[in-house]
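Below is one structure; the comments refer to it alone.
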Amino acid sequence: MTISPDAYARTQAATNIFLDRLVGSRPDDATMAELVVHLDEWADRLGAFAVAEEECYAGRRLDLPAKGRFTVPVYMFDSVDEHGVAATVTFGRRFLGVGAAAHGGAIAMLFDEVVGRAVNDGSALRTRTAYLHVNYRALTPIDKPLTLTVRVAASEGRKRFVRGELKDGSIVCADVDALLVEVSK
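Below you can see the structure in the form of structure tokens.
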């Protein structure tokens, strides 16, 4: 059985909304008990459709926010070239840390996701993150579009040095310095 790309896109969007609303609510016990029953039913049902990693949509759909992933803040690439990427990102409520700010771990995860794309520009190049140093400069707001830019700063043999910024207008919320190393296929 197959699923149309549009059905997956709608499922991703609905799931993102669901997760943001779930963590931003305080349902009573009866509502939560009913929800658990439905989630358990769906988990069992989806188990019948399990496929190998390379057959999954998640992480492979460049046309979807966060490449079709559910666990990464919603981002879309605005531009991708051999020098790096620019993207728009919104941290939903499920990525809330404290004080209306995104959790630092979610920011680091976003950077790790996007620095890989900046280096792996669609070529056959395959890399792994050797280090990822994140500087938190200002609170990163949730539920607001932010800009993310990541550029390849230098290449030395198998090493790719990458730098990037996450901004709210002119305010730098966080920046990253990363090293990715080319690995054999």
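The opening residue of the sequence shown carries number 170 in our numbering; numbering runs sequentially from there. Positions of the beta carbon are idealized from the N, C-alpha and C atoms, including for glycine. Please read all numbers here as calculations on a predicted model, not as lab measurements.
Item, Value
"With which residues is Glu334 paired in a DSSP beta bridge?", "Thr318, Asp344"
"State the Cα-Cα distance for the pair Cys225 and Asp346, rounded to the nearest angstrom.", "30 Å"
"Whole angstroms is fine: what's the gap from Pro234's alpha carbon to Val341's?", "22 Å"
"Grab the span of the alpha helix (DSSP H) containing Phe280 for me, first residue to last.", "273 to 288"
"For Phe264, which three-state DSSP category applies?", "helix"
"Excluding the 5 residues flanking Ala255 on each side, which residues of the same chain have their C-beta closer than 6 Å to its C-beta?", "Asp247, Ser248, Thr318"
"Glu351: which of Arg332, Ser324, Asp337, Gly338 sits nearest, CA to CA?", "Ser324"
"Going by beta carbon distance, what residues of the same chain come within less than 7 Å of Asp281, once the five residues before and after it are set aside?", "Thr298, Leu301"
"With respect to the beta strand (DSSP E) encompassing His302, which residues constitute its N-terminal and C-terminal limits?", "296 to 305"
"For Leu348 and Leu335, what's the separation of their Cα atoms in angstroms?", "18 Å"
"Do Gly274 and Leu308 have their beta-carbon atoms positioned less than 9 Å apart in this structure?", "no"
"From Met245 to Val258, what distance separates their C-alpha atoms?", "7 Å"
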